[in-house]
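Quick notes on the structure that follows.
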Amino acid sequence: MIYAVLTETELDPRLREIVILRVAQRSGAAYAFAQHAAIAASVGVAPAQVSALKQGRLVGHAFSRAERVALAFADEAVEAPTVSEETFAQLSEHFPPRQILELLLTAGCFRMMCRLVTVLDLEQEPAFGVDTLRRAGEPALERC
Numbered sequence: 003m004i005y006a007v008l009t010e011t012e013l014d015p016r017l018r019e020i021v022i023l024r025v026a027q028r029s030g031a032a033y034a035f036a037q038h039a040a041i042a043a044s045v046g047v048a049p050a051q052v053s054a055l056k057q058g059r060l061v062g063h064a065f066s067r068a069e070r071v072a073l074a075f076a077d078e079a080v081e082a083p084t085v086s087e088e089t090f091a092q093l094s095e096h097f098p099p100r101q102i103l104e105l106l107l108t109a110g111c112f113r114m115m116c117r118l119v120t121v122l123d124l125e126q127e128p129a130f131g132v133d134t135l136r137r138a139g140e141p142a143l144e145r146c
């Protein structure tokens, strides 16, 4: 499921990684944040945006209106039982229904992944990057 969220959605990869970084930061998952900061850089997320996300700062000019709405949606989706009608309405101004669902799947899947890495207290590793993700999607026989 995680691989599909990372590789088979219609979401702009930049937006996907911004949402993942937000979920990781809000979840206290330093391991996930470090791994996805490298991926975010490789898909064009600006260093200033990564820094702002790491510090929990979403104000100012670092993020577009659509990105701020997507981040607010992700916050509500992983921290509350539901998302407000106002947030859904704002989200609908920027994204079609399929991408809204994909944003929800991205936030939810990575909330689960962040919980996994924090509960297991995984030690930080060097960032694996996009190439490793691509290889992870290949059948095992093709990797030999």
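Residues in the sequence shown are numbered from 3 upward in steps of one, following the working numbering.
Even for Gly, the Cβ is constructed at its ideal location relative to N, Cα and C.
Note that the structure is predicted; figures quoted are calculated from it, not measured.
Leaving out the 5 sequence neighbours to the left and right, which residues in its chain are closer than 7 Å to residue i when beta-carbon positions are compared?
i, result
"SER66", "none"
"GLY58", "GLN27"
"VAL25", "ALA76, VAL80, ALA109, PHE112, ARG113 and CYS116"
"THR84", "none"
"GLN101", "GLU12 and LEU13"
"GLU78", "VAL85, SER86 and THR89"
Are the beta-carbon atoms belonging to residue i and residue j less than 7 Å from one another?
i, j, result
"HIS96", "VAL71", "yes"
"THR11", "GLU104", "yes"
"LEU23", "LEU55", "yes"
"LEU107", "VAL7", "yes"
"ALA42", "GLU69", "no"
Can you list, in chain order, the residues of its chain whose CB lies under 8 Å from that of residue i, leaving out five sequence neighbours each side?
i, result
"GLY46", "PRO15 and ARG16"
"SER94", "ILE102"
Assuming residue i and residue j are in contact, meaning their beta carbons sit under 8 Å apart, how far apart are those beta carbons, in whole angstroms?
i, j, result
"ALA31", "THR120", "5 Å"
Which residues in the same chain as residue i place their Cβ atom closer than 6 Å to its Cβ, once the five residues preceding and following it in sequence are excluded?
i, result
"GLN51", "ALA64"
"GLN92", "VAL71"
Would the region 28-38 count as touching the region 115-123 if we require 3 or more Cβ pairs under 8 Å? The way I'd put it, the region 28-38 does touch the region 115-123; three or more beta-carbon pairs between them come closer than 8 Å.
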